[in-house]
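With my numbering, the residue at position 172 of the sequence shown is 212, and numbering never jumps. Positions of the beta carbon are idealized from the N, C-alpha and C atoms, including for glycine.
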Amino acid sequence: MPAPETHPPRERPVRHPLFARFYERLSEAADVRAGVKEHREELLAGLSGRVIEIGAGNGLNFARYPASVTQVTAVEPEPHLRAAADAAARSEAVRVPVQVVAGTADALPAEDRTFDAAVFSLVLCSLPDVSRALAEVLRVVRPGGELRFYEHGRAEGRPRMVRFQRVLDGTVWPRLFGGCHTGRDPVGEITAAGFTDVSFRRLLVPKGGPVFPSSFHVLGGARRP
């Protein structure tokens with residue numbers, strides 16, 4: 041008897057109009073005041089070929105892609121942020137072709153093995169199904185391709201903050217911040233999904249400034265087997 045045919049989940053509407061406007065202002069301020077701009081540049085350095093950016097937000101990464109990238113497909117489900125990303129893609133500061141498309145991380149609008157790299161940038165925290173999103177990356181990136189990630193997550197080595205993050209994630213934080221969770225383990229999720237050559241470094245953002253539940257960042261890369 042043949043195995044049943046499987047399909048990716050149907051795309052769900054994603055609308056956070058108030059949070060989207062708040063995030064747009066917050067992300068722009070963080071780029072300048074918290075040094076996030078430099079982390080974005082490091083995240084994207086050395087990429088080449090076709091890239092899919094998942095959860096592109098308001099497009100702050102676009103101007104930082106190197107000229108060796110031939111095309112960026114930027115997936116963003118939230119309408120307000122997608123419109124902002126589309127405007128950012130047309131900026132004179134952007135050196136590479138960027139196509140902004142609607143879609144969700146757990147059902148990427150792309151064919152199998154069509155990209156040389158995938159990028160997650162401050163998005164794994166808010167996905168309803170991280171494992172499914174990572175499985176989708178494995179599907180659309182060619183064997184040997186890259187995954188680059190810059191995320192915030194669990195406060196490793198700080199038990200009290202981890203407990204506080206757990207309380208926030210189970211109560212108010214996701215409701216206030218568009219589904220965001222403070223205490224996820226992005227490196228563990230990426231490793232468990234089957235990516236290889238996982239390397240990363242931990243960052244405190246803002247460096248030398250006040251510490252928030254969302255201050256514990258990781259910046260790194262991995263390989264699609």
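Item, Value
"heavy atom of the ligand MN below 8 Å from Ala85 C-beta", "Absence of the ligand MN from the depicted structure is noted, as is the absence of any ligand whatsoever, leaving it without description."
"Simplified DSSP assignment, three categories, for Thr211", "coil"
"Nearest neighbour of Ala96, chosen from Val112, Ala85 and Pro106 [CA to CA]", "Val112"
"Check whether Phe240 and Gly223 have beta carbons under 9 Å apart", "no"
"Residues that DSSP places opposite Gln111 in a beta bridge", "Arg90"
"Collapsed DSSP secondary structure at Ser161 in the structure displayed", "strand"
"CB contact flag (Ser166, Glu93, <9 Å)", "no"
"Ranges of the alpha helix (DSSP H) found wholly within the region 201-260, counting only runs of at least 4", "213-216 and 226-232"
"Strand pairing of Val140, partner residues [DSSP]", "Ala114"
"Host alpha helix (DSSP H) of Leu274 (start-end)", "Outside the shown range of the chain (41 to 265) lies residue 274, about which nothing can therefore be said."
"Spatial neighbours of Ala107 in its chain, beta-carbon cut-off 7 Å, leaving aside the 5 residues before and after", "Arg135 and Val136"
"Bridge partners - Arg188, DSSP secondary structure assignment", "Val159 and Gly261"
"Contact under 9 Å by Cβ, Gly99 with Val140", "yes"
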